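One structure is given below, encoded as structure tokens.
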Amino acid sequence: GDSVTQMEGPVTLSEEAFLTINCTYTATGYPSLFWYVQYPGEGLQLLLKATKADDKGSNKGFEATYRKETTSFHLEKGSVQVSDSAVYFCALSTRGSQGNLIFGKGTKLSVKP
Amino acid sequence: EAGVAQSPRYKIIEKRQSVAFWCNPISGHATLYWYQQILGQGPKLLIQFQNNGVVDDSQLPKDRFSAERLKGVDSTLKIQPAKLEDSAVYLCASNPLGRNSGNTIYFGEGSWLTVV
């Protein structure tokens, strides 16, 4: 079945460091891909998305490119801030799933000043 | 625009007791979801409604979990009797249509359940 695999955490970085969180997927057809973020004590918020191959989603300095050939959607940010500390979830949605999301296990990011 | 509203935010109950969670989706959103998020894991779909009809409840433990969306707006998720492994965050989410996989799903802040 459809699934999402993302890198294990936790990830600890210093402020202004470069961030990469790897995400790969398995899906039939052509899924839409998402990154959601969960700040401490809060609900999930959509960070960015891409709906077709080679699309780049971007928001708040974060980027991810939909790579069909490698079935990947890696999250990147050039310079992280303390306020980026959160849990990041990669997810996919397919037409066959009626639009609901299949999530990875999440990667906890801690940014130190 | 108001977001997805959930209550209560936190609940502690003893095993074998019952609990109910309420969700009011974003106005006009036809599709409503309940997800279960166990600590350290990604959310897992429990049930999906399209208006007041069930689209997918294949992962809902129907011996103890039930959910309804009688008027196609707000929804209630009930657990009876609760087990220790039901300790989790219960997330409600909504989506304008649900059939287009590119539509954004909006989540509430979640209801945190601890079963002792």
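Just so you know, the sequences run in chain order A and B.
The first sequence: position 30 = 30 (the working numbering), numbered continuously.
The second sequence: position 16 = 1016 (the working numbering), numbered continuously.
All residues carry an ideal CB built from backbone N, CA and C; glycine is no exception.
These numbers were taken from a predicted model, which means no experiment stands behind them.
Residue i, enclosing beta strand (DSSP E) - first and last residue
{"i": "B:Thr1114", "result": "Ser1111 to Val1115"}
{"i": "B:Asn1095", "result": "Ala1088 to Asn1095"}
{"i": "A:Val59", "result": "Residue 59 of chain A is actually Asn in this sequence, not Val. Here the beta strand (DSSP E) through A:Asn59 covers Lys56 to Asn59."}
{"i": "A:Tyr88", "result": "Ala86 to Ser93"}
{"i": "B:Asn1052", "result": "It is not in any beta strand (DSSP E) - B:Asn1052 carries neither H nor E in the DSSP assignment."}
{"i": "B:Asn1024", "result": "Val1019 to Asn1024"}
Close Cβ partners of residue i (< 6 Å) along its chain, the five nearest in sequence each way excluded
{"i": "A:Leu33", "result": "Ala50, Tyr66, Phe73 and Leu92"}
{"i": "B:Lys1011", "result": "Val1019 and Leu1113"}
{"i": "A:Ser14", "result": "Lys112"}
{"i": "A:Thr24", "result": "Thr5, Thr71 and Ser72"}
{"i": "A:Asn9", "result": "Going by the sequence as given, residue 9 of chain A is Gly instead of Asn. Cβ neighbours of A:Gly9 beyond the five flanking positions: Thr107 and Lys108."}
Within chain A, the residues that residue i reaches when beta carbons sit closer than 9 Å
{"i": "B:Thr1114", "result": "Per Cβ cutoff of 9 Å: no residues; B:Thr1114 is ~15 Å from chain A at best."}
{"i": "B:Leu1077", "result": "Near B:Leu1077 there are no residues of chain A at all, since even the closest Cβ is about 15 Å away, more than 9 Å."}
Residues of its chain near residue i, where Cβ-Cβ distance is below 7 Å and the 5 sequence neighbours each way are ignored
{"i": "B:Phe1107", "result": "Val1004, Leu1091 and Ala1093"}
{"i": "A:Ser85", "result": "Leu109, Ser110 and Val111"}
{"i": "B:Pro1008", "result": "Ser1111"}
{"i": "B:Ile1079", "result": "Ser1018, Val1019, Arg1064, Phe1065 and Asp1086"}
{"i": "A:Ala53", "result": "Tyr66 and Lys68"}
Partners in chain A for residue i, counting only beta-carbon separations shorter than 7 Å
{"i": "B:Ile1105", "result": "Leu101"}
{"i": "B:Gly1108", "result": "Gly43"}
Sequence-distant residues of the same chain with beta carbon closer than 8 Å to residue i, five excluded per side
{"i": "A:Glu63", "result": "Leu48, Lys56, Gly57, Leu75, Glu76 and Lys77"}
{"i": "B:Leu1070", "result": "Asn1052"}
Under 8 Å by beta carbon: chain A residues contacting residue i
{"i": "B:Leu1091", "result": "Gly43 and Leu44"}
Margin query: For the pair the stretch 46-61 of chain A and the stretch 20-35 of chain A, tell me if three or more CB-CB distances fall below 8 Å.
Written below: Cβ pair count under 8 Å is three or more, so yes.
Next item on the list: Identify each residue in the stretch 33-48 of chain A for which the Cβ-Cβ distance to at least one residue of chain B is less than 7 Å, and report them in chain order.
Entry: The stretch 33-48 of chain A vs chain B, Cβ under 7 Å: Glu42, Gly43, Leu44 and Leu46.
Next item on the list: Mind checking the stretch 1032-1055 of chain B against chain A and listing, in chain order, the residues whose C-beta falls within less than 9 Å of any C-beta there?
Entry: Only those residues of the stretch 1032-1055 of chain B whose C-beta falls short of 9 Å from the nearest C-beta of chain A are listed: Tyr1033, Tyr1035, Gln1037, Gly1040, Gln1041, Gly1042, Pro1043, Lys1044, Leu1045, Gln1048, Gln1050 and Val1055.
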